[in-house]
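Read in UniProt numbering, the sequence shown has 26 at position 26, and its numbers run on one by one without any break. Glycine residues also receive a C-beta, built at the ideal position from the N, C-alpha and C atoms.
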Amino acid sequence: MKLGLIGCGNIGKFLLQAINNDGLLPGGRIVAIYARREEVAAQLAEEFRTQPYRDVDELLKSDVDLVIEAATIEAAEEYALKVLKSGKDLLLSSIGVMANSAFEEQSNQICKLNNVNILLPSGAIGGLDVLKSAKAVNGLESVCITTRKPPNALPAGSSVTEETVLFEGTAAEAIKQFPRNINVAIVLSMAGLGSEKTKVKIIADPNVLKNNHLIEASGSFGKLKLEVENDPMPNNPKTSYLAALSVLATLQNKEKSVQIG
Ligand SMILES: NC(=O)C1=CN([C@@H]2O[C@H](COP(=O)(O)OP(=O)(O)OC[C@H]3O[C@@H](n4cnc5c(N)ncnc54)[C@H](OP(=O)(O)O)[C@@H]3O)[C@@H](O)[C@H]2O)C=CC1
Ligand SMILES: O=C([O-])CC(=O)C(=O)O
């Protein structure tokens, strides 16, 4: 599998190290990268033996099979449809882009037309398998996520000195107000009840060191309660290490003949 990468920050660099240097995706390699700053792309290209591109249109002319977006929601909005139109599969890290229903519909149509797929990793959370199963008979009744992070992992920053609820509302509204922090709410919405019915609470808490996500759901299947206590990535405390791992795992699973979950 030949991979292209858009966005070379925290998740992007993790993937370059894991795939190109540590060989953790057998048969796969990141052969093309695009970073906004050319000097960053050039340095990473040398370190991880890959080809830097000056723009995404040029990258899409190469023979990559799948493009990984690891940038921002804005970048996903700018590039995702181009990727699909060029006949490549797309893996999105900035899943919040899918909260825009016009975008979701358009990307679905292009996928069908071009016979390509979009992969959405579970990111910094789990439990999506339970929601999907519960939904199979329309038996899902409620889903909510409570995200508790140290203040430096949220836009509030160090101004928050005691436990503070920054947001309480729908996933649709949460991703508008916290586009860099709550992508998990959108993948949860897509697996479950949609972004208008999925409830979100975001808490900045100076007493915690980890990025904590508590997922609660109920329905005809029973009840789900799942808490993930994530270690942050060293280079970007806003992102949990599990989010980067889940991108790698999604790529590893893509090629497997036995699909679990
Ligand atoms: N699904 C999930 O569970 C999770 C999703 N995420 C999301 O994944 C994405 C990547 O996260 P992470 O790697 O930690 O973020 P980082 O901020 O560490 O890296 C993002 C990189 O994207 C680059 N970038 C920004 N805009 C563009 C653009 N238009 N074109 C190309 N590159 C661009 C930035 O470049 P520059 O250095 O020049 O600014 C930066 O290097 C984010 O949107 C984040 O919110 C994160 C955690 C969990
Ligand atoms: O990494 C996390 O804990 C979650 C996150 O930032 C996001 O969903 O955008």
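Problem set entry | Beta carbon of I203 nearer than 8 Å to that of L166 | As a working mapping, residue 203 is identified with position 203 in the sequence shown. As a working mapping, residue 166 is identified with position 166 in the sequence shown. Yes. Within cutoff.
For this session: Check whether the Cβ atoms of G131 and A191 sit closer than 8 Å, and answer yes or no.
Result: One-based indexing of the sequence shown puts residue 131 at position 131. One-based indexing of the sequence shown puts residue 191 at position 191. The sequence given here places Leu at residue 131; Gly does not occur at that position. In this structure, A191 lies closer than 8 Å to L131 by Cβ.
For this session: Give a single yes or no on whether T198 has its beta carbon closer than 7 Å to a heavy atom of ligand 3.
Result: This structure does not include ligand 3; its bound ligands are ligand 1 and ligand 2.
Problem set entry | Nearest-angstrom beta carbon gap, G139 and F14 [assumed within contact, 8 Å] | Against the sequence shown, residue 14 aligns to sequence position 14. Against the sequence shown, residue 139 aligns to sequence position 139. The Cβ separation is near 37 Å, so there is no contact.
Problem set entry | the stretch 234-250 contacting the stretch 96-112, beta-carbon criterion three pairs below 8 Å | no
Exercise. With distances taken from CA atoms, which of L245, S133 and T170 is nearest S189?
Worked result: Taking the first residue of the sequence shown as position 1, residue 189 is located at position 189. The shortest Cα separation from S189 among L245, S133 and T170 belongs to T170.
For this session: Would you kindly report the start and end of the unbroken alpha helix (DSSP H) that includes I73?
Result: Reading the sequence shown from its first residue, position 73 is the one you call residue 73. Segment I73 to K85, the alpha helix (DSSP H) holding I73.
Problem set entry | Residue(s) in a DSSP beta bridge with D89 | Taking the first residue of the sequence shown as 1, we reach residue 89 at position 89. BP columns for D89 point to L66.
For this session: State the Cα-Cα distance for the pair A45 and A35, rounded to the nearest angstrom.
Result: Looking up residue 45 in the sequence shown gives position 45. Looking up residue 35 in the sequence shown gives position 35. Roughly 10 Å between the two C-alpha positions.
For this session: Ignore the nearest five residues each way along the sequence and tell me which others in G27's own chain have a CB closer than 8 Å to its CB.
Result: For this step, residue 27 is matched to residue 27 along the sequence shown. Within the same chain, G27 has close Cβ partners M1 and E255.
Exercise. Around the C-beta of D129, are 16 or more other C-beta atoms found within 10 angstroms, so that it is buried, or is it exposed?
Worked result: Here residue 129 refers to the residue found at position 129 when the sequence shown is read from its first residue. Per the 10 Å Cβ criterion, exposed.
Problem set entry | Span of the alpha helix (DSSP H), counted from its first residue to its last, around V247 | Against the sequence shown, residue 247 aligns to sequence position 247. Looking at the DSSP string, the run of the alpha helix (DSSP H) that includes V247 is Y241 to K254.
Exercise. Skipping 5 residues on each side, what residues in its chain have a beta carbon closer than 7 Å to that of I186?
Worked result: The residue you call residue 186 lines up with position 186 of the sequence shown. Taken in chain order, the residues that qualify are I95, G96, M98, A99, A171, I175 and S195.
Exercise. Is the Cβ-Cβ distance between E163 and N207 less than 8 Å?
Worked result: Here residue 163 refers to the residue found at position 163 of the sequence shown. Here residue 207 refers to the residue found at position 207 of the sequence shown. Cβ distance < 8 Å, so E163 and N207 count as in contact.
Problem set entry | heavy atom of ligand 2 below 7 Å from N235 C-beta | Working through the sequence shown from its first residue, we reach residue 235 at position 235. No, the Cβ of N235 stays beyond 7 Å of every heavy atom of ligand 2.
Exercise. Out of curiosity, what's the CA-to-CA distance linking L84 and N117?
Worked result: Against the sequence shown, residue 84 aligns to sequence position 84. Against the sequence shown, residue 117 aligns to sequence position 117. Going from the Cα of L84 to the Cα of N117 covers about 8 Å.
For this session: Could you work out which residue in A71, I6, G9 and Y53 is closest to P179 when comparing CA atoms only?
Result: What you label residue 179 is simply residue 179 of the sequence shown in a count that begins at 1. Closest option to P179, Cα to Cα, is A71.
Problem set entry | Per DSSP, cross-strand counterpart(s) of K197 | For this step, residue 197 is matched to residue 197 along the sequence shown. Answer is none; K197 lacks a bridge partner.
Exercise. Roughly how many angstroms separate the alpha carbons of L193 and T50, rounded to a whole number?
Worked result: Position 193 of the sequence shown, counted from the start, is the residue given in the question as residue 193. Position 50 of the sequence shown, counted from the start, is the residue given in the question as residue 50. About 40 Å.
Problem set entry | Contacts around S122, its chain only, beta-carbon distance under 6 Å, and the 5 residues preceding and following it disregarded | Along the sequence shown, read from residue 1 onward, the residue named residue 122 stands at position 122. These residues qualify, in order along the chain: L128 and S246.
Exercise. What's the gap between the Cα of I6 and the Cα of D22?
Worked result: Here the question's residue 6 lines up with position 6 in the sequence shown. Here the question's residue 22 lines up with position 22 in the sequence shown. Each residue's alpha carbon lies about 20 Å from the other.
For this session: Determine the closest residue to A134 out of G219, K61 and K199, with distance taken between C-alpha atoms.
Result: Taking the sequence shown and counting its residues from 1, the one referred to as residue 134 is at position 134. Nearest of G219, K61 and K199 to A134, Cα basis: G219.
For this session: Identify which residue in E229, P232 and T198 has its Cα closest to the Cα of A217.
Result: For the purposes of this step, residue 217 is taken as residue 217 along the sequence shown, with counting starting at 1. Among E229, P232 and T198, the Cα nearest to that of A217 belongs to T198.
Exercise. Within 7 Å: the Cβ of Y53 and any heavy atom of ligand 1?
Worked result: Along the sequence shown, read from residue 1 onward, the residue named residue 53 stands at position 53. It does not: the Cβ of Y53 is nowhere closer than 7 Å to a heavy atom of ligand 1.
Problem set entry | Cross-strand partners of V228 (DSSP beta bridge) | In the sequence shown, counting from the first residue as 1, residue 228 sits at position 228. Per DSSP, H213.
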